[in-house]
């Protein structure tokens, strides 16, 4: 069975500071994708960053970067220079190559303090 | 156009009513999805359409009836719902019939069954 675990239900960060959200996963597949999605109060799930398991290089998107540790099955999200607009629920998700289904973690609510 | 548009944004319906949710995208995506999300929980997959054909039904009760009239439009017909069906219903689309490319989500329809 595939699982995704987010052990931090809630995190807080001061504006302009850096925060790291944790995600661990388990799968027996060798070819898969990992995602971080952001869901602000507006409700829309927004793709923040995507990582292909066969790529060793960590994905980055502007202020967002991941630390992908394949052997440890860890996929953490680092947000640099946090902004008030980063406040949201963040979901980590796993998808096996060739399938349609995402396995979501339970989410981490991020609060950004002014 | 890089959006998935869902209407209505809010819907209140009685248990004997029939209503429909609508989802539209003009990104040329050939896979479309319906997800259900309860408060403070991750989204749960309901249906997958690929090339306008129903590919996956995640054992959803028959009171939910999906329809894909064309490659841009996805409907979810609701009939005889129960109060426990109250949730946020999210539509998503993707470029290919796998999750690896990442989804584009709509803002959802907040459904309340009374």
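Chains as they are written, first to last, in the numbering used here: chain W, 1363 to 1476; chain P, 8 to 121. For glycine and all other residues, C-beta sits at the position ideal for the given N, C-alpha and C.
Compare the beta carbon distance of residue i and residue j with 8 Å and say whether it is the shorter of the two.
i, j, result
"residue 55 of chain P", "residue 42 of chain P", "no"
"residue 1412 of chain W", "residue 1430 of chain W", "no"
"residue 1466 of chain W", "residue 68 of chain P", "no"
"residue 1341 of chain W", "residue 1452 of chain W", "Absent from the structure is residue 1341 of chain W, since the part of chain W shown begins at 1363 and ends at 1476."
"residue 44 of chain P", "residue 28 of chain P", "no"
"residue 87 of chain P", "residue 118 of chain P", "no"
"residue 1415 of chain W", "residue 1394 of chain W", "yes"
"residue 65 of chain P", "residue 52 of chain P", "yes"
"residue 18 of chain P", "residue 111 of chain P", "no"
"residue 34 of chain P", "residue 89 of chain P", "no"
"residue 1388 of chain W", "residue 1364 of chain W", "yes"
"residue 61 of chain P", "residue 71 of chain P", "no"
"residue 1440 of chain W", "residue 1386 of chain W", "no"
"residue 1450 of chain W", "residue 1472 of chain W", "yes"
"residue 31 of chain P", "residue 101 of chain P", "no"
"residue 1375 of chain W", "residue 1444 of chain W", "yes"
For chain W, find out if any of its Cβ atoms is closer than 8 Å to the Cβ of residue i; answer yes or no.
i, result
"residue 114 of chain P", "yes"
"residue 15 of chain P", "no"
"residue 18 of chain P", "no"
"residue 28 of chain P", "no"
"residue 107 of chain P", "yes"
Using a Cβ cut-off of 8 Å (strictly closer), state whether residue i contacts chain P.
i, result
"residue 1463 of chain W", "yes"
"residue 1395 of chain W", "yes"
"residue 1385 of chain W", "no"
"residue 1405 of chain W", "yes"
"residue 1468 of chain W", "yes"
"residue 1409 of chain W", "yes"
"residue 1425 of chain W", "no"
Thinking residue i and residue j are a contact (beta carbons under 8 Å), I'd like their distance in whole angstroms, please.
i, j, result
"residue 92 of chain P", "residue 120 of chain P", "5 Å"
"residue 1446 of chain W", "residue 1377 of chain W", "6 Å"
"residue 85 of chain P", "residue 1407 of chain W", "21 Å between Cβ atoms; not a contact."
"residue 1462 of chain W", "residue 106 of chain P", "5 Å"
"residue 114 of chain P", "residue 16 of chain P", "7 Å"
"residue 1425 of chain W", "residue 1404 of chain W", "Residue 1425 of chain W to residue 1404 of chain W, Cβ: 19 Å. No contact."
Exercise. In the stretch 56-74 of chain P, which residues sit with their C-beta less than 7 Å from some C-beta in chain W, listed in chain order?
Worked result: Per Cβ criterion, the list reads 63.
Problem set entry | chain W contacts from the stretch 73-96 of chain P (Cβ-Cβ distance under 9 Å) | Those residues of the stretch 73-96 of chain P that come within reach of chain W (Cβ to Cβ, closer than 9 Å) are 95.
Problem set entry | Residues within the stretch 1449-1463 of chain W neighbouring chain P, beta-carbon criterion of under 7 Å | Correct list: 1453, 1457, 1459, 1460, 1461, 1462 and 1463.
For this session: Take every Cβ of the stretch 1445-1460 of chain W, pair it with every Cβ of the stretch 69-79 of chain P, and state whether three or more of those distances are shorter than 8 Å.
Result: No: the two stretches stay apart, fewer than three of their Cβ pairs being nearer than 8 Å.
Problem set entry | Interfacial residues, the stretch 42-57 of chain P to chain W, with Cβ spacing under 7 Å | Residues of the stretch 42-57 of chain P with a C-beta less than 7 Å from any C-beta of chain W: 49, 50, 52 and 55, listed in chain order.
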